[in-house]
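Numbering (our numbering), first residue to last: 1 to 121.
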């Protein structure tokens, strides 16, 4: 399941904080800050999608992520490779290395990472 841009922005805050009350989440936004009702709606939708949950403390809720950031973005990248690059990692790598204006040093670092992964296979 995928998050909307607004949900993803809120999820980024939760991943950074690990757990947070409503006030902490609102305070983490840049100005102009969203309304509490907006955040509550986003949290409810994210809960329905099983991305977040909460612990109740009296009338307050402490929210926490159920999905790890690495797992979410791994699925997103794999979905992008499947949908935009015909499920071809090499097509993705070709596009990524040509279209992102990487420096020679960055390309060499990528090569080193790939070489390391090849050795580990």
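Note that CB positions come from ideal geometry on N, CA and C, so glycine has one too. Bear in mind the structure is a predicted one, so any value in this text is a computation, not a measurement.
For residue i, list the residues DSSP reports as bridge partners.
i, result
"residue 21", "62"
From this set, the options, which residue's C-alpha is nearest residue i's C-alpha?
i, options, result
"residue 44", "84, 101 and 64", "64"
"residue 39", "73, 11 and 59", "11"
"residue 51", "89, 94, 4 and 107", "4"
"residue 49", "36, 106 and 72", "72"
"residue 145", "69, 111, 88 and 20", "Residue 145 lies beyond the stretch modelled for the chain, which goes from 1 to 121, so this question has no answer here."
"residue 2", "74, 106 and 101", "74"
Less than 8 Å between the CB of residue i and some heavy atom of the ligand MG, yes or no?
i, result
"residue 74", "Among the ligands in the structure shown, none appear at all, so the ligand MG cannot be discussed."
By Cβ distance below 6 Å, which residues in the same chain neighbour residue i in space, the five residues on each side in sequence not counted?
i, result
"residue 55", "62"
"residue 28", "13"
"residue 91", "85"
For residue i, which residues in the same chain have their Cβ closer than 7 Å to its Cβ, ignoring the five residues on either side in sequence?
i, result
"residue 42", "6, 7 and 10"
"residue 53", "47, 64 and 66"
Next item on the list: Write down every uninterrupted run of the beta strand (DSSP E) in the stretch 45-113 whose length is 3 residues or greater and which is fully enclosed by it, in chain order.
Entry: Within the stretch 45-113, the complete beta strand (DSSP E) segments at least 3 residues long are 52-57 and 60-65, listed from N- to C-terminus.
Check: Do the stretch 20-36 and the stretch 73-86 touch if we need at least three Cβ pairs shorter than 8 Å?
Finding: No: the two stretches stay apart, fewer than three of their Cβ pairs being nearer than 8 Å.
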